[in-house]
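Student:
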Amino acid sequence: MNTPEQVLGYVKQFIESVGVDPSTCWNEQNKAYYIYKGSARIEIFVSSHPENNGTTRHYLRIFSGLMKVPETNKERFYRRCLEVSDQSLGVKLTLVPNAAPDNDWLYATYERDIQGIDYNETVTCINDMGLWADWLDDQLKSEFGEGGSPGSPN
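See below:
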């Protein structure tokens, strides 16, 4: 049975394998690693969710803030997000529920229960998310503009 610590160890090992010191991208307060793939900032962590039967499920979660939701052409924007979400295998596009208008971000999101995950699959999850997030942020910003927002939410 995998533990959150083991999976974060896989993430740390991956970060070391690409020549980055993991201590430079670890946020102790958030218990998350932050890395870049091209223009995309990637947040990687394990979250724990209690179940009704008293057990807890743990998930590898990988997020990237792609852009702010544009103030105009929202219907076209949301339709495009659904179309892209159908194409971006393994990655879904998400919004934070009830976000304030000045913090209404579109995220690329990847989640996987850690049960049975190994180092190689962890690397695949991170690499896939990095490739998609880097493409998606560039693609959507070119189609809809920057969304009026510098920087990244995560």
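Under numbering that gives the first Met the number 0, the residues of the sequence shown are numbered 0 to 153, in order. Beta carbons: idealized from backbone N, C-alpha and C, even for Gly. Only a predicted model underlies this, so the values are computations on that prediction, with no experimental measurement involved.
1. Would the region 128-145 count as touching the region 83-100 if we require 3 or more Cβ pairs under 8 angstroms?
2. Alpha carbons only, please: which of P3, Q5, T71, V122 is nearest the one belonging to G144?
3. Can you tell me the Cα-Cα spacing of F44 and D127, whole angstroms?
4. For the beta strand (DSSP E) containing K67, name the first residue and the last one.
5. How many whole angstroms separate the CB atoms of I125 and F13, which I take to be in contact at a CB cut-off of 8 angstroms?
6. Do you know how far the Cα of F62 is from the Cα of N102?
7. Can you give me the C-alpha to C-alpha distance between Y58 and E110, rounded to a whole angstrom?
8. Leaving out the 5 sequence neighbours to the left and right, which residues in its chain are closer than 6 angstroms to Y9 when beta-carbon positions are compared?
9. So, with DSSP's three-state summary, where would you put A132?
10. Check each candidate in Q86, E82, F76 and name the one with the smallest Cα separation from K140.
11. Could you spell out the range, first to last residue, of the alpha helix (DSSP H) harbouring D85?
12. Judging by CA-CA distance, which residue of A39, G18, P21 is the nearest neighbour of L105?
Tutor: The short version:
1. The region 128-145, when compared against the region 83-100, does touch it at the 8 angstroms Cβ threshold.
2. On the sequence shown, position 145 is the one that residue 144 refers to. Nearest C-alpha to G144: T71.
3. Walking along the sequence shown from the start, residue 44 turns up at place 45. Walking along the sequence shown from the start, residue 127 turns up at place 128. Roughly 16 angstroms between the two C-alpha positions.
4. Residue mapping note: residue 67 aligns to position 68 of the sequence shown, counting from 1. Residue range 55-67 is occupied by the beta strand (DSSP E) that includes K67.
5. The residue you call residue 125 lines up with position 126 of the sequence shown. The residue you call residue 13 lines up with position 14 of the sequence shown. The Cβ separation is near 6 angstroms, so the contact holds.
6. As a working mapping, residue 102 is identified with position 103 in the sequence shown. As a working mapping, residue 62 is identified with position 63 in the sequence shown. Their Cα atoms are separated by approximately 16 angstroms.
7. The residue labelled residue 58 in the question sits at position 59 within the sequence shown. The residue labelled residue 110 in the question sits at position 111 within the sequence shown. Rounded to whole angstroms, Y58 to E110 spans 6 angstroms at the Cα level.
8. Numbered from 1 along the sequence shown, position 10 holds the residue referred to as residue 9. So the list reads Y118, T121, once near-sequence residues are dropped.
9. Counted from its first residue, the sequence shown places residue 132 at position 133. DSSP places A132 within a helical segment (H, G or I) once states are collapsed to three.
10. Taking the sequence shown and counting its residues from 1, the one referred to as residue 140 is at position 141. Nearest of Q86, E82, F76 to K140, Cα basis: F76.
11. By 1-based counting over the sequence shown, the position of residue 85 is 86. Taken as a continuous stretch (DSSP letters only), the alpha helix (DSSP H) holding D85 covers 73-86.
12. Counting from 1 along the sequence shown, the entry for residue 105 is found at position 106. The option with the nearest alpha carbon to L105 is A39.
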